Amino acid sequence: MTLYPAIDLKDGKAVRLTKGLMESAKIYSDEPWQLVKAFEEMGAEWVHLVDLNGAFAGEPKNLEQIVKIRENCSVKLELGGGIRDEKTIQKMLEIGINRIILGSIAVKDPQFVKDMAAKYPIAVGIDAIDGYVAVEGWGEVSQMKATDLAREFANAGVEAIICTDVGRDGTLSGVNVDFTLDIARASKVATIASGGVKDENDIKALIATGEIEGVIIGKAYYEGTLDLPKMFKLLA
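Numbering of the sequence shown is given in full-length UniProt numbering, commencing with residue 1 and proceeding in unit increments.
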């Protein structure tokens, strides 16, 4: 089980949202790179970055902070939020991002994602509200079931699928293990759980399935309901 500490970037700051609502943003740091460095020192192999402004704008907006993180930290970075074309993918990889997360574009143009996965390290972000895929920074809900989208990327060469239960995201209400398993089984791709993680019990429940590759840790760390350094030691 890989733990992916998460940082959401909004207006250059590290924040967390509740249920994806921008107006719910709570600021945790004015210097996101310092948080990434702390995660690295705890033992993180990966850090999960989301450019929230970018997700709504359709193009990266927190570039200065992303560059600063890369320059100051050696941990692997995956980045999502507003990445919709090959030029942007190339730019982010040149900066030193290790894996690109494609979300909204995966619904609108799955073939593009498959083409990119053949050339670059790509993860697909599947965010769902009541089982249906949410796009455009979760501002819209599509008519596509999350499991159908996951199935689209079986044998497509993507490195991972990151599935988020939007209704639980940032709520500390517990991870949706069943939803994550459904995505993993539909796609047969390494699947990373996201949304609602509260404490050690959530991590153990995901590990117990034997089918889930990783989990994204956000508010549980920031609000102190999960002892992240302890979890890294347990999983080392």
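From the three backbone atoms N, C-alpha and C, an ideal C-beta is built for every residue, glycine too.
This one's a predicted model, so the numbers in the text were calculated from it and none came from an experiment.
Smallest Cα separation from residue 31: which of 65, 200, 106, 41?
Here the question's residue 31 lines up with position 31 in the sequence shown. Residue 65 is the option with its Cα nearest to residue 31.
Out of curiosity, what's the CA-to-CA distance linking residue 144 and residue 51?
For the purposes of this step, residue 144 is taken as residue 144 along the sequence shown, with counting starting at 1. For the purposes of this step, residue 51 is taken as residue 51 along the sequence shown, with counting starting at 1. Roughly 24 angstroms between the two C-alpha positions.
Taking only runs of the alpha helix (DSSP H) that begin and end inside the segment 124-152, which ones reach a length of at least 4 residues, in chain order?
146-152
8 angstroms is my cut-off, CB to CB: does residue 153 come that close to chain D?
You won't find chain D in this structure, because it holds only one protein chain.
Do residue 165 and residue 153 have their beta-carbon atoms positioned less than 8 angstroms apart in this structure?
To locate residue 153, count along the sequence shown from 1; it is residue 153. To locate residue 165, count along the sequence shown from 1; it is residue 165. No. Outside cutoff.
Helix, strand or coil: which one does DSSP assign to residue 61?
For the purposes of this step, residue 61 is taken as residue 61 along the sequence shown, with counting starting at 1. Coil at residue 61, not helix or strand.
Buried or exposed: residue 67, going by 16 or more other Cβ atoms within 10 Å of its Cβ?
Within the sequence shown, residue 67 is the residue found at index 67, counting from 1. Looking at its Cβ environment, which holds fewer than 16 other Cβ atoms inside 10 Å, residue 67 is exposed.
Output needed for residue 116: all residues of its chain with C-beta closer than 8 angstroms, excluding positions within five of it in sequence on either side, in chain order.
The sequence position of residue 116 within the sequence shown is 116, counting from 1. Taken in chain order, the residues that qualify are 86, 89, 100, 102, 122.
Look at the Cβ atom of residue 288, then the Cβ atom of residue 33, and state whether they are nearer than 8 angstroms.
No statement about residue 288 is possible, as the shown extent of the chain runs from 1 to 236 and does not include it.
Given this structure, state the Cα-to-Cα distance separating residue 16 from residue 157, to the nearest angstrom.
One-based indexing of the sequence shown puts residue 16 at position 16. One-based indexing of the sequence shown puts residue 157 at position 157. Using only the alpha carbons, I get a separation of about 31 angstroms.
Cβ-based burial, residue 169 [other Cβ within 10 Å; buried from 16]
Within the sequence shown, numbered from 1, the residue matching residue 169 stands at position 169. Buried, because 16 or more other Cβ atoms sit within 10 Å of the Cβ of residue 169.
So what does DSSP say about residue 8, is it helix, strand or coil?
For the purposes of this step, residue 8 is identified with residue 8 of the sequence shown, where counting begins at 1. Strand at residue 8.
Inter-residue CB distance, residue 129 and residue 174 (contact presumed, cutoff 8 angstroms)
As a position in the sequence shown, residue 129 is number 129, starting the count at 1. As a position in the sequence shown, residue 174 is number 174, starting the count at 1. The Cβ separation is near 17 angstroms, so there is no contact.
Between the Cα of residue 181 and the Cα atoms of 28, 131, 29, which residue gives the shortest distance?
In the sequence shown, the residue the question calls residue 181 occupies position 181. Among 28, 131, 29, the Cα nearest to that of residue 181 belongs to 131.
According to DSSP, what are the bridge partners of residue 99?
Along the sequence shown, read from residue 1 onward, the residue named residue 99 stands at position 99. According to DSSP, which records beta bridges pairwise, residue 99 is partnered with 78.
Cβ shell of residue 205 (< 6 angstroms), same chain only, five flanking positions each side left out
The residue you call residue 205 lines up with position 205 of the sequence shown. Same-chain partners within the cutoff: 177.
Between the Cα of residue 6 and those of 80, 133, 236, spot the shortest distance and give me the residue it belongs to.
Taking the first residue of the sequence shown as position 1, residue 6 is located at position 6. Nearest of 80, 133, 236 to residue 6, Cα basis: 80.
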